[in-house]
Each structure stands twice: as C-alpha cells, then as structure tokens.
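In full-length UniProt numbering, the protein residues as written are 1 to 142. Yeah, the Cβ is synthetic: ideal placement off N, Cα and C, and Gly gets one too. Following: one structure in structure tokens, then a few remarks.
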Amino acid sequence: MAYLCIPSFIFPFLLITLSSMSYNIHLVGARHLLETTLPEIPKPKLPELPPLPKVELPPLPHLPKLELPEIPKPELPKMPEIPELPKPELPKMPELPVIPEPELPKIPELPAFPHLPEIPKPTLPAIPSLPKEIPTHFTANP
Numbered sequence: 001m002a003y004l005c006i007p008s009f010i011f012p013f014l015l016i017t018l019s020s021m022s023y024n025i026h027l028v029g030a031r032h033l034l035e036t037t038l039p040e041i042p043k044p045k046l047p048e049l050p051p052l053p054k055v056e057l058p059p060l061p062h063l064p065k066l067e068l069p070e071i072p073k074p075e076l077p078k079m080p081e082i083p084e085l086p087k088p089e090l091p092k093m094p095e096l097p098v099i100p101e102p103e104l105p106k107i108p109e110l111p112a113f114p115h116l117p118e119i120p121k122p123t124l125p126a127i128p129s130l131p132k133e134i135p136t137h138f139t140a141n142p
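As structure tokens, then:
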C-alpha cells in the first residue's frame, strides 16, 4: 500500500484558494440586495393593553429577638505543682594544649619562560583605487 505524504502547508493554501474562488458570487448577491426596493407594508395598529392592577404586598412578619440562655463556664481543674528540679552542673572542659603551627616547605620556583622569536607582520597587497568618474553608459561600435 502506498503512503501519500502531503506537506502541511498545502491545506491552508488550498483553503485560501477555494475561498477566493467564491468571492465574486457574494459581491453580486450583495449588489442585488442593495439595488432592489422592497414594497412598503402598512404597519398594523396594536390593541392597547389594559393597565395592570397594583399589587400590594403584605408587610413582613416581625420575628422576636431570640435570647440565648447563658451557659455556665466550666471550671478547669488545678494542675498539680511540679517540684523544681535541681540544675545539673557540667564538668569543666579540660584545657587543650597549644599546637604549634607546622612549617610548610617552600615551593620551588618555575623555570623562566623561553623567549619566542618575533614573527614579521604580513604585508597585504594594495587595493587599486576606483576612478572618481564612472561612465554611466557604454558606446559600442557596430
């Protein structure tokens, strides 16, 4: 079975092409709508509606304010007293002996960097200068 691979840009291009083909049809139809005149139709008289009676709403019932009964606050039991514990004494830290700083060996010096010879700079070829007046047309002899 063959696989048909259609690039993704084909579908929008096809849509634009097909929609532009039917563009003139809409313009012609719109022009015909603008040029035609419609006959005037007399508007019928609507009957008057009787006025609606005013509705009086009864007043809202008044609700009495509710009084909440007072609830006695419960008494919390007393916490038993905890005896104060003696603070522990920590032993004194022993003094550490002073350690002398170790002497570091000297780092050997690196040998001197060898001197490189100087390379001469390359010379670039001179660019020819253009003439100040450039001819605008050529005359050819036949």
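Starting from residue i, follow the alpha helix (DSSP H) in both directions and report where the run begins and ends.
{"i": "S19", "result": "10–21"}
So, with DSSP's three-state summary, where would you put residue i?
{"i": "L33", "result": "helix"}
Closer than 7 Å to a non-hydrogen atom of the ligand MN - does that hold for the CB of residue i?
{"i": "A30", "result": "As for the ligand MN, it is missing from this structure, which has no ligand bound."}
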